[in-house]
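Chemist: Below is a structure I'd like to ask you about.
As structure tokens, then:
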């Protein structure tokens, strides 16, 4: 019983690690996208002048 619970806990901890890594990746991609959008807006404002 204890061994089964340990295995289940290990699987859950592994899954949480995967989800956290995916979250970090999404956050980095979103930051890059927001920076790119800011650059585009800056260029548009320069070109509109």
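Residue numbers (the working numbering): -2 to 46. Note that CB positions come from ideal geometry on N, CA and C, so glycine has one too. Quick caveat, the model's predicted, so the values are computed rather than measured.
Answer yes or no: does any C-beta atom of chain C fall closer than 7 Å to that of residue 44?
Modeler: No chain C appears in the structure shown, which is made up of a single protein chain.
Chemist: May I ask you to report which of helix, strand or coil DSSP gives residue 34?
Modeler: If you number the chain shown from 1, residue 34 lands on position 37. Helix, per DSSP.
Chemist: According to DSSP, simplified to helix, strand and coil, what is residue 23?
Modeler: Sequence index remark: in the chain shown, residue 23 carries index 26 (1-based). Helix at residue 23.
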